[in-house]
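Student:
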DNA sequence: TGTGACCCAAACGTCATACTTAATCGCGTT
DNA sequence: AACGCGATTAAGTATGACGTTTGGGTCACA
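Printed below as a string of structure tokens:
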């Protein structure tokens with residue numbers, strides 16, 4: 001991703017962030033900087049900068065004379081890609097996957113509708129290409145290749161919507177799709193109905209049929225939610 | 234909000250953040266830390282911590298031997314409430330308002346549908362209360378009171394959806410609604426049709442009619458988009 | 001003239017330390 | 001029991017030193 005390759009800062013952040021989002025420190029817990037210095041064997045500088053970053057994510061709140069307080073989950077910036085990644089890697093994974101899938105079910109149909117209005121010919125071509133790629137790889141244990149086309153497809157739709165905020169969800173969708181492949185249906189071929197729907201969405205976008213693109217994408221989303229048992233509980 | 238009361242850190246951040254999101258530094262611009270030290274008359278400590286925070290928002294990227302590089306807008310964490318606030322306060326305001334309104338149009342109908350399934354009786358009562366409050370304040374220059382009910386209404390819907398990510402959009406919706414009142418229809422009473430729709434949504438949620446709650450909220454969203462001329466361009 | 005390796009300096013990254021500030025705790029007074 | 005005041009504590013800021021990376025310039029050589 002970024003230049004978070006290695007270094008004390010990244011090491012401490014990648015240790016504290018996941019721990020907090022995993023709930024290792026209950027809300028209200030207090031971390032003292034000098035304690036963290038000793039625990040991670042780093043200087044005050046590093047600890048402070050990490051704290052500042054966690055603070056900007058609203059994971060903690062630093063106050064004088066009291067220490068660094070862990071905030072309750074309702075305060076967290078749950079749209080921060082880093083926070084999303086940490087939560088997907090922890091025990092909150094199922095809950096996080098459901099939240100994200102519901103978000104997808106809301107956003108992607110609207111994005112597809114907008115894409116049908118605004119997609120460039122190049123984007124339409126990309127869409128068709130990836131839809132056909134999904135068809136080609138939908139049988140015979142080619143899940144990895146299929147996944148790449150699936151991710152690319154949704155990324156193009158979100159970008160073609162012309163909405164910057166939708167476009168930024170591309171990474172999130174990629175994480176969700178990857179997570180699903182790696183945990184849910186790892187050994188079974190993709191649902192043929194879903195594959196067909198993707199082809200039809202590409203077609204609808206190409207023909208500038210916004211209504212149809214939106215409705216078809218809504219069907220895809222419904223299928224994704226069904227896979228995670230997100231239904232009348 | 235947080236303890237961003239005052240202090241060198243907040244001062245520098247609240248100066249650099251808006252400047253960057255306003256496009257004062259074109260993507261690729263380089264800021265040197267010692268230059269910033271002199272410009273703001275603060276120590277390296279403060280500058281470095283600010284840079285770390287901006288980096289976590291993906292507004293800048295700090296690299297050795299080259300400096301702090303301003304990243305292109307596509308890289309920004311546009312869901313960070315701080316970034317949203319900065320952009321709403323800058324020249325990008327119209328574009329940002331449109332993006333957020335489109336996001337609302339995608340999320341809120343789905344949220345309303347979920348709320349109809351999961352809202353507690355207390356939440357239903359709150360909803361009705363605020364809808365009636367909107368009715369009561371919809372005439373005769375009571376825009377401020379109306380706005381408070383409007384914001385509260387949408388916040389309850391988002392929270393009642395039971396989805397943490399939807400719930401976190403409450404603040405964003407509040408900013409959008411406030412912005413609209415303060416700039417678009419400041420001197421005219423709210424659209425009576427919109428008021429009626431809110432009452433009907435509250436009713437649909439109370440009756441657990443998810444389909445109807447979603448459809449009605451979609452109408453509200455369409456109205457909001459029409460106000461901003463987000464239509465077949 | 002072009003290309004390659006090599007060296008250097010620039011700017012960030014980290015550490016250590018001293019000092020400042022503000023909020024909490026506890027004591028004593030009213 | 002309520003209130004106020006000072007001592008204490010931990011974060012906030014400033015500063016100086018050193019390490020590390022890396023972009024670019026120089027020089028030798030083909």
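Chains as they are written, first to last, in my numbering: chain E, 1 to 233; chain Z, 234 to 466.
The C-beta atom is built at its ideal place from N, Cα and C for all residues, glycine as well.
A quick note: this is a predicted structure, and the numbers were derived from the prediction, not measured.
1. Name the DSSP beta bridge partners of residue 212 (chain E), please?
2. Start and end of the alpha helix (DSSP H) containing residue 432 (chain Z)?
3. For residue 339 (chain Z), go through chain E and note every residue whose CB falls closer than 7 angstroms to its CB, in chain order.
4. Quick one, which residues of the stretch 379-411 of chain Z are near chain E if we go by CB-CB under 7 angstroms, in chain order?
5. Taking the alpha carbon of residue 211 (chain E) as the point to measure from, which residue in E:111, E:6, E:138 has its own alpha carbon closest?
6. For residue 276 (chain Z), would you say it is in contact with chain E, using Cβ-to-Cβ distances shorter than 8 angstroms as the test?
7. Pop quiz: residue 149 (chain E) and residue 133 (chain E) are said to be a contact at Cβ under 8 angstroms. What is the actual Cβ separation, rounded to whole angstroms?
8. Going by beta-carbon coordinates alone, are residue 214 (chain E) and residue 197 (chain E) separated by less than 8 angstroms?
9. Look at the alpha carbon of residue 51 (chain E) and the alpha carbon of residue 35 (chain E), and state the distance between them as a whole number of angstroms.
10. For residue 313 (chain Z), which residues from the same chain have a beta carbon less than 8 angstroms from its beta carbon, with the 5 sequence-adjacent residues on both sides left out?
11. Could you have a look at residue 101 (chain E) and say whether DSSP puts it in helix, strand or coil?
12. Counting only beta-carbon separations shorter than 8 angstroms, does residue 209 (chain E) have a partner in chain Z?
13. Are the CB atoms of residue 84 (chain E) and residue 14 (chain E) nearer to each other than 8 angstroms?
14. According to DSSP, which residues form a beta bridge with residue 69 (chain E)?
15. When you compare the CB of residue 2 (chain E) with every CB in chain Z, is at least one pair closer than 8 angstroms?
16. Classify residue 190 (chain E) as buried or exposed, calling it buried when 16 or more other Cβ atoms lie within 10 Å of its own Cβ.
17. Could you have a look at residue 179 (chain E) and say whether DSSP puts it in helix, strand or coil?
18. Can you give the beta carbon distance from residue 200 (chain E) to residue 160 (chain E), rounded, assuming they're within the 8 angstroms contact cut?
19. With a threshold of 16 other CB atoms inside 10 Å of the CB of residue 353 (chain Z), please say whether the residue is buried or exposed.
20. For residue 57 (chain E), return the contacting residues in chain Z, with the cut-off set at a CB-CB distance below 9 angstroms.
21. Just curious, the alpha helix (DSSP H) that residue 271 (chain E) is in, first and last residue?
22. Can you find a C-beta in chain E that's less than 8 angstroms from the C-beta of residue 282 (chain Z)?
23. Please identify the residue among Z:336, Z:369, Z:376 whose C-alpha is closest to the C-alpha of residue 162 (chain E).
24. Are residue 260 (chain Z) and residue 287 (chain Z) closer than 8 angstroms when you measure CB to CB?
25. Within this structure, are the beta carbons of residue 127 (chain E) and residue 205 (chain E) separated by less than 8 angstroms?
26. DSSP three-state call for residue 372 (chain Z): helix, strand or coil?
27. So which residues of chain E does residue 360 (chain Z) contact, with C-beta pairs closer than 9 angstroms?
28. Please state whether DSSP places residue 422 (chain Z) in a helix, a strand or coil.
29. Once you ignore the five residues that flank residue 3 (chain E) on each side, which residues in its own chain have a CB closer than 6 angstroms to its CB?
30. Report yes or no: is there a C-beta of chain E within less than 8 angstroms of the C-beta of residue 449 (chain Z)?
31. List the endpoints of the continuous alpha helix (DSSP H) containing residue 254 (chain Z).
32. Using C-beta distances below 6 angstroms, list every residue in its chain close to residue 1 (chain E), excluding the 5 sequence neighbours before and after it, in chain order.
33. By DSSP, does residue 353 (chain Z) sit in helix, in strand, or in coil?
34. Does the Cβ-Cβ distance between residue 330 (chain Z) and residue 461 (chain Z) come in under 8 angstroms?
35. Can you tell me which of the three DSSP states residue 173 (chain E) falls into?
36. Taking Cβ to Cβ, would you say residue 108 (chain E) is nearer than 8 angstroms to residue 217 (chain E)?
Tutor: Taking the coordinates as given:
1. Here residue 212 (chain E) refers to the residue found at position 212 of the first chain. Beta-bridge pairing links residue 212 (chain E) to no other residue.
2. In the second chain, residue 432 (chain Z) corresponds to position 199, counting from 1. In the DSSP assignment, residue 432 (chain Z) falls within the unbroken alpha helix (DSSP H) covering 425-439.
3. Within the second chain, the letter at position 106 stands for residue 339 (chain Z). What residue 339 (chain Z) touches in chain E: 106, 107, 110.
4. Cβ contacts with chain E come from 396, 397, 398, 401.
5. The residue you call residue 211 (chain E) lines up with position 211 of the first chain. Minimum Cα distance to residue 211 (chain E) is reached at E:111.
6. For the purposes of this step, residue 276 (chain Z) is identified with residue 43 of the second chain, where counting begins at 1. Contact of residue 276 (chain Z) with chain E is not assigned, every C-beta pair being separated by 8 angstroms or more.
7. Indexing the first chain from 1 puts residue 149 (chain E) at position 149. Indexing the first chain from 1 puts residue 133 (chain E) at position 133. With a contact defined as Cβ atoms closer than 8 angstroms, residue 149 (chain E) and residue 133 (chain E) qualify at about 4 angstroms.
8. The residue you call residue 214 (chain E) lines up with position 214 of the first chain. The residue you call residue 197 (chain E) lines up with position 197 of the first chain. No. Outside cutoff.
9. In the first chain, residue 51 (chain E) corresponds to position 51, counting from 1. In the first chain, residue 35 (chain E) corresponds to position 35, counting from 1. In this structure, the CA atom of residue 51 (chain E) is about 13 angstroms from the CA atom of residue 35 (chain E).
10. The residue you call residue 313 (chain Z) lines up with position 80 of the second chain. Residues of the same chain with a CB within less than 8 angstroms of the CB of residue 313 (chain Z), apart from the 5 flanking positions on each side, are 290 in chain order.
11. On the first chain, residue 101 (chain E) is found 101 positions in, with the first residue counted as 1. Residue 101 (chain E): helix per DSSP, three-state reduction.
12. Along the first chain, read from residue 1 onward, the residue named residue 209 (chain E) stands at position 209. Not one chain Z Cβ lies under 8 angstroms of residue 209 (chain E).
13. For the purposes of this step, residue 84 (chain E) is taken as residue 84 along the first chain, with counting starting at 1. For the purposes of this step, residue 14 (chain E) is taken as residue 14 along the first chain, with counting starting at 1. Between residue 84 (chain E) and residue 14 (chain E), the CB-CB gap reaches or exceeds 8 angstroms.
14. One-based indexing of the first chain puts residue 69 (chain E) at position 69. E:30, E:61, per the DSSP bridge assignment.
15. Here residue 2 (chain E) corresponds to residue number 2 of the first chain, with the count starting at 1. Note on residue 2 (chain E): pLDDT 37, under 50, position unreliable in the model; no value is reported.
16. Against the first chain, residue 190 (chain E) aligns to sequence position 190. That one is buried.
17. Within the first chain, the letter at position 179 stands for residue 179 (chain E). Helix.
18. Translated into positions along the first chain, residue 200 (chain E) becomes position 200. Translated into positions along the first chain, residue 160 (chain E) becomes position 160. Between residue 160 (chain E) and residue 200 (chain E) the Cβ distance is about 16 angstroms, and since that is not below 8 angstroms, they are no contact.
19. The count along the second chain starts at 1 and reaches residue 353 (chain Z) at position 120. Per the 10 Å Cβ criterion, exposed.
20. Looking up residue 57 (chain E) in the first chain gives position 57. Chain-ordered, the chain Z residues with CB closer than 9 angstroms to the CB of residue 57 (chain E) read 289, 313.
21. Since the displayed chain E opens at 1 and closes at 233, residue 271 (chain E) lies outside it and no answer follows.
22. Position 49 of the second chain, counting from 1, holds the residue named residue 282 (chain Z). It does; some Cβ of chain E falls within 8 angstroms.
23. Taking the first chain and counting its residues from 1, one reaches residue 162 (chain E) at position 162. The shortest Cα separation from residue 162 (chain E) among Z:336, Z:369, Z:376 belongs to Z:336.
24. As a first step, residue 260 (chain Z) must be located in the second chain, where it is residue number 27. As a first step, residue 287 (chain Z) must be located in the second chain, where it is residue number 54. Judged by their CB atoms, residue 260 (chain Z) and residue 287 (chain Z) are not nearer to each other than the 8 angstroms cut-off.
25. Taking the first chain and counting its residues from 1, the one referred to as residue 127 (chain E) is at position 127. Taking the first chain and counting its residues from 1, the one referred to as residue 205 (chain E) is at position 205. Contact: yes.
26. Here residue 372 (chain Z) refers to the residue found at position 139 when the second chain is read from its first residue. Taken through DSSP and simplified to helix, strand or coil, residue 372 (chain Z) comes out as coil.
27. Your numbering for residue 360 (chain Z) matches position 127 in the second chain. Those do not exist, as residue 360 (chain Z) stays about 19 angstroms from chain E at its closest Cβ, beyond 9 angstroms.
28. Here residue 422 (chain Z) corresponds to residue number 189 of the second chain, with the count starting at 1. The answer is coil: DSSP assigns residue 422 (chain Z) none of H, G, I, E or B.
29. Counting from 1 along the first chain, the entry for residue 3 (chain E) is found at position 3. Summary for residue 3 (chain E): the model assigns pLDDT 37, below 50, so the residue's position carries little reliability, and this model does not support an answer.
30. Position 216 of the second chain, counting from 1, holds the residue named residue 449 (chain Z). Cβ-Cβ to chain E under 8 angstroms: no for residue 449 (chain Z).
31. Locating residue 254 (chain Z) in the second chain gives position 21, counting from the first residue. It spans 241-254 - the alpha helix (DSSP H) in which residue 254 (chain Z) sits, taken as one unbroken run.
32. On the first chain, residue 1 (chain E) is found 1 positions in, with the first residue counted as 1. Any answer about residue 1 (chain E) is weak, because its pLDDT of 38 lies below 50 and its placement is not dependable; what the coordinates show is given next. Within the same chain, residue 1 (chain E) has no close Cβ partners at all.
33. Translated into the one-based positions of the second chain, residue 353 (chain Z) becomes position 120. Three-state result, residue 353 (chain Z): coil.
34. Position 97 of the second chain, counted from the first residue, corresponds to residue 330 (chain Z). Position 228 of the second chain, counted from the first residue, corresponds to residue 461 (chain Z). Their beta carbons are under 8 angstroms apart, which means residue 330 (chain Z) touches residue 461 (chain Z) by this criterion.
35. Position 173 of the first chain holds residue 173 (chain E). Residue 173 (chain E): helix per DSSP, three-state reduction.
36. Mapped onto the first chain, residue 108 (chain E) falls at position 108. Mapped onto the first chain, residue 217 (chain E) falls at position 217. In contact: residue 108 (chain E) and residue 217 (chain E) (Cβ atoms closer than 8 angstroms).
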